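Numbering (my numbering), first residue to last: -9 to 173.
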Amino acid sequence: MRSYEALMASRLITSTMTRRADIKTPVQQWGWAYLQRQKALGRPISPHLTVYQPQLTWMVGVLSSLFQISVCVGFAMLPFNFTQFVEYIRSWHIPAIITSAFKFVIAFPIVFHTLNGIRFIGFDLAKGVENTKAVSDSYLLFTTFCLISIAILLLFALLGYLSAPSRSSTFLETFLETVVKHV
-9 MRSYEALMAS
1 RLITSTMTRR
11 ADIKTPVQQW
21 GWAYLQRQKA
31 LGRPISPHLT
41 VYQPQLTWMV
51 GVLSSLFQIS
61 VCVGFAMLPF
71 NFTQFVEYIR
81 SWHIPAIITS
91 AFKFVIAFPI
101 VFHTLNGIRF
111 IGFDLAKGVE
121 NTKAVSDSYL
131 LFTTFCLISI
141 AILLLFALLG
151 YLSAPSRSST
161 FLETFLETVV
171 KHV
């Protein structure tokens, strides 16, 4: 008998309640109408990247985040330490130009993230936060990290050339000999 009374009481409660989701305040009604007008015009409802004009400053921020994730995930997923990883790659006997490109791919995000971190320390100190200064800093950042990454690539290639047991002449070795002669 109690379950029947409980069932009837629950039906009574649910039949007398109104749905709160259907009731909107005037501000909510205005907001909903505004969103419907924007949707009818074909505009995105929420902030979307297509709304904003591409700017170098936010592209640098996105690249920094992506490179940070790639560096963290790359080092976390590596099943052994970095020197063992390099020896493992060397055991494949890949041509030097490909391993040099691989080293550049590894150095590129590390250098970019490091230099951008230094840039953000300046932002924390309120240095260079003006829009024009931030854009020129972004150009400087791109130029610097490309040059440093290429310098790291050439340094590793030169060290590999100097420590190579055989002197077989490859394209990269010929290039490095030319660079060393002219420096």
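For every residue, glycine included, the Cβ atom is placed at its ideal position computed from N, Cα and C.
Because the structure is a prediction, the values reported are computed rather than measured.
Excluding sequence positions up to five away, which residues of its chain have a Cβ less than 7 Å from the Cβ of residue i?
i, result
"D127", "R109 and G118"
"L143", "S90, K93, F94 and A97"
"G112", "G118"
"V41", "P34"
Can you find the residues in the same chain that come closer than 6 Å, C-beta to C-beta, to residue i, ignoring five residues on each side of it along the sequence?
i, result
"W20", "none"
"K101", "It should be pointed out that residue 101 corresponds to Val in this sequence rather than to Lys. Excluding sequence neighbours, V101 sits near F135, I138 and S139."
"A30", "none"
"A141", "none"
Give the range of the alpha helix (DSSP H) segment to which residue i is assigned.
i, result
"F110", "A86 to D114"
"W82", "That residue, W82, is in no alpha helix (DSSP H); it is neither H nor E in DSSP."
"G64", "L46 to M67"
"Y24", "P16 to A30"
Write down the C-beta distance between residue i and residue j rounded to the nearest angstrom, noting that I regard them as a contact closer than 8 Å.
i, j, result
"L145", "L105", "Actually they are not in contact, since the Cβ atoms of L145 and L105 sit about 17 Å apart, beyond 8 Å."
"A124", "A86", "Not really, about 39 Å apart at Cβ, beyond 8 Å."
"F75", "H103", "Not quite, the Cβ-Cβ distance comes to about 19 Å (not below 8 Å), so this is no contact."
"P99", "V61", "5 Å"
If I measure Cβ to Cβ from residue i and keep anything under 8 Å in the same chain, skipping five residues before and after, which residues do I get?
i, result
"L46", "V125, S128 and Y129"
"I14", "Correcting the residue type first, residue 14 is Lys in the shown sequence and not Ile. Excluding sequence neighbours, K14 sits near W22."
On the three-state DSSP scale, how would you describe residue i?
i, result
"I13", "coil"
"K117", "coil"
"R43", "What sits at residue 43 in the sequence shown is Gln, not Arg. Reduced to three states, the DSSP call for Q43 is coil."
"F75", "helix"
"F135", "helix"
"F70", "coil"
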